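Residue numbers (our numbering), protein chains in the order written: chain S, 1 to 149; chain C, 150 to 298; chain P, 299 to 447.
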Amino acid sequence: MKQLSHYTRTFALALVLGVLGSLGPASVMAQAPAAQKSKVVFQVSDGESRKWELALNNVRNVIKDLGKDNIEVEIVAYGPGIDMFKFESPVASRIDEVIKMGAHVVICENTMRAQKITKSDMLDNLGYVEAGVTQLIRRQQQGYAYIRP
Amino acid sequence: MKQLSHYTRTFALALVLGVLGSLGPASVMAQAPAAQKSKVVFQVSDGESRKWELALNNVRNVIKDLGKDNIEVEIVAYGPGIDMFKFESPVASRIDEVIKMGAHVVICENTMRAQKITKSDMLDNLGYVEAGVTQLIRRQQQGYAYIRP
Amino acid sequence: MKQLSHYTRTFALALVLGVLGSLGPASVMAQAPAAQKSKVVFQVSDGESRKWELALNNVRNVIKDLGKDNIEVEIVAYGPGIDMFKFESPVASRIDEVIKMGAHVVICENTMRAQKITKSDMLDNLGYVEAGVTQLIRRQQQGYAYIRP
């Protein structure tokens with residue numbers, strides 16, 4: 001009986017540990033949004049330069065407000081929006097500034113093909129994806145907030 | 150003691166199976182975004198035809214990029230955006246094309262009432278909802294990514 | 299043996315309860331979106347008054363459609379969009395109407411500083427945040443749907 005009682009305690013302990021263990025992932029998931037780094041994707045699809053200024057203000061404000069280490073920022077440019085990142089862009093120095101602050105920029109290659117331009121027509125330090133719109137969907141699925149300035 | 154040891158093994162096995170079983174749903178939830186079909190809702194609320202062209206390019210690109218069977222696409226039109234789907238729409242043939250590619254279109258009946266128009270003023274093969282904006286909220290709650298071209 | 303069989307039943311019951319208990323949180327999480335109040339955040343960042351009208355129509359329609367008690371509505375204004383909520387706003391009476399319907403309005407203080415204006419230049423019954431764009435990210439992380447009219 002004493003022997004049995006030993007097993008009883010062992011089983012009970014194992015059960016408790018097992019249940020705690022099985023609760024773990026769910027709890028972690030529930031807390032994750034608060035504990036993880038914030039993530040945001042900005043869409044730039046307009047050709048007007050005042051929209052580009054607003055997008056750059058947004059990116060700078062959010063990095064300043066939350067702190068570089070607490071926010072992941074990606075800018076996805078497609079359609080008329082890719083003009084913002086061409087070599088002759090009127091906001092080139094400000095783009096350089098937000099990239100130095102930690103923002104990533106991703107350009108739509110579908111749009112580049114339609115406009116018959118290549119990477120040599122674009123600013124430096126940019127990333128590229130097949131379809132900008134697919135990237136926006138993927139990022140939202142990965143928990144990024146979406147902002148269209 | 151041998152008998153007891155049989156129960157020990159039985160309990161241990163049951164415990165492991167139970168814990169695995171209880172881990173199951175959490176793991177499935179964590180993997181769900183990757184395993185499930187991607188879903189995206191496009192908002193068309195502008196009256197300019199170049200925005201309509203951009204929206205149609207977006208829809209076509211995402212279906213081509215991910216493959217018809219891997220993406221659920223819904224276009225929700227409201228406000229000035231419903232002009233895109235009127236009988237005399239300049240982009241009618243392109244709308245037909247994306248519907249054939251698998252996209253669904255949903256029109257806001259609140260807007261139709263405000264404009265005093267009926268379904269007979271609209272293109273074929275469209276769906277209708279009471280309020281376009283509520284549909285956009287509902288779809289996001291159902292896990293759809295949101296794109297406003 | 300009978301004694302043992304008692305423990306067997308006890309363990310089996312504990313195991314079942316444990317597993318059910320551990321399944322609980324995951325099930326609750328899965329059902330939560332349907333059971334909770336809907337939440338939506340509207341972005342107002344454009345300076346054109348027809349966009350303001352559209353935003354106000356959107357807010358009114360969604361509250362009417364879902365019912366005041368079933369939807370949490372927040373409007374976040376920043377950049378050129380804060381003009382909508384200035385004292386001399388052409389849509390002041392309509393803003394008053396949606397606030398009475400239960401909508402909350404939040405203004406970006408970064409924008410106010412850039413425009414060198416104070417709360418005395420703004421309408422009554424508004425809330426304020428440091429950065430409008432951060433508020434939009436926060437709300438999406440909290441499960442709010444995002445609409446940019």
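We put the beta carbon where it would ideally sit given N, CA and C, even for glycine. Note that this is a predicted model, so its numbers are computed, not measured.
{"Check": "Between the C-alpha atoms of K86 (chain S) and Q115 (chain S), what's the straight-line distance to the nearest angstrom?", "Outcome": "12 Å"}
{"Check": "Could you say which of C:S187, C:V189 and C:E202 lies nearest to S45 (chain S) if we only look at CA atoms?", "Outcome": "C:E202"}
{"Check": "How many Å lie between G143 (chain S) and Q439 (chain P) at the Cα?", "Outcome": "8 Å"}
{"Check": "Taking 7 Å as the threshold (beta carbon to beta carbon), is I95 (chain S) in contact with chain A?", "Outcome": "No chain A is present in this structure, whose protein chains are S, C and P."}
{"Check": "So, is G365 (chain P) buried or exposed, given that buried needs 16 or more other C-beta atoms within 10 angstroms?", "Outcome": "exposed"}
{"Check": "Mapping DSSP to helix, strand and coil, what is Q142 (chain S)?", "Outcome": "coil"}
{"Check": "Could you check whether the Cβ of L205 (chain C) sits closer than 7 Å to any Cβ belonging to chain S?", "Outcome": "no"}
{"Check": "Please list, in chain order, the chain C residues whose beta carbon lies closer than 7 Å to that of R446 (chain P).", "Outcome": "R297"}
{"Check": "Judging by CA-CA distance, which residue of P:Y376, P:Q433 and P:D419 is the nearest neighbour of G345 (chain P)?", "Outcome": "P:Y376"}
{"Check": "Which residues, taken in chain order from the stretch 208-225 of chain C, show a beta carbon closer than 9 Å to some beta carbon of chain S?", "Outcome": "V208, N210, V211, K213, D214, L215 and I220"}
{"Check": "Suppose you measure from the CA of E372 (chain P) to the CA of H402 (chain P); what does that come to, to the nearest Å?", "Outcome": "5 Å"}
{"Check": "Beta-carbon within less than 8 Å of V255 (chain C)'s beta-carbon, same chain only, minus the 5 sequence neighbours each way: which residues are those?", "Outcome": "E223, I224, V225, A226, L275, G276, Y277, V278, G281 and Q284"}
{"Check": "Buried or exposed: which applies to S269 (chain C), given that a residue is buried once 16 or more other Cβ atoms fall within 10 Å of its Cβ?", "Outcome": "exposed"}
{"Check": "Considering K337 (chain P), what are the terminal residues of the beta strand (DSSP E) in which it resides?", "Outcome": "S336 to V342"}
{"Check": "Can you tell me the Cβ-Cβ gap for L421 (chain P) and S387 (chain P), rounded? I've got them flagged as a contact below 8 Å.", "Outcome": "6 Å"}
{"Check": "Can you give me the C-alpha to C-alpha distance between T267 (chain C) and M233 (chain C), rounded to a whole angstrom?", "Outcome": "15 Å"}
{"Check": "Counting only beta-carbon atoms, is Q438 (chain P) nearer than 7 Å to chain S?", "Outcome": "yes"}
{"Check": "So S198 (chain C) packs on I220 (chain C), CB below 8 Å; how close in whole Å?", "Outcome": "Between I220 (chain C) and S198 (chain C) the Cβ distance is about 25 Å, and since that is not below 8 Å, they are no contact."}
{"Check": "Using the beta-carbon count (16 or more within 10 Å), is G251 (chain C) buried or exposed?", "Outcome": "exposed"}
{"Check": "Tell me the DSSP secondary structure of A77 (chain S) in three-state form.", "Outcome": "strand"}
{"Check": "Take N356 (chain P) and list the residues in its own chain whose beta-carbon comes closer than 7 Å to its own, dropping the five residues that flank it on each side.", "Outcome": "F340, I445 and P447"}
{"Check": "If the criterion is Cβ atoms closer than 7 Å, does the pair I137 (chain S) and V189 (chain C) meet it?", "Outcome": "yes"}
{"Check": "Any beta-carbon of chain S closer than 7 Å to the one on A252 (chain C)?", "Outcome": "no"}
{"Check": "Go through its chain and collect everything with a Cβ distance to I397 (chain P)'s Cβ below 8 Å, but skip five positions before and after it.", "Outcome": "V403 and N423"}
{"Check": "With distances taken Cα to Cα, identify the nearest neighbour of P80 (chain S) among S:D65, S:E97 and S:C108.", "Outcome": "S:C108"}
{"Check": "By the three-class DSSP mapping on this structure, what secondary structure does E197 (chain C) have?", "Outcome": "coil"}
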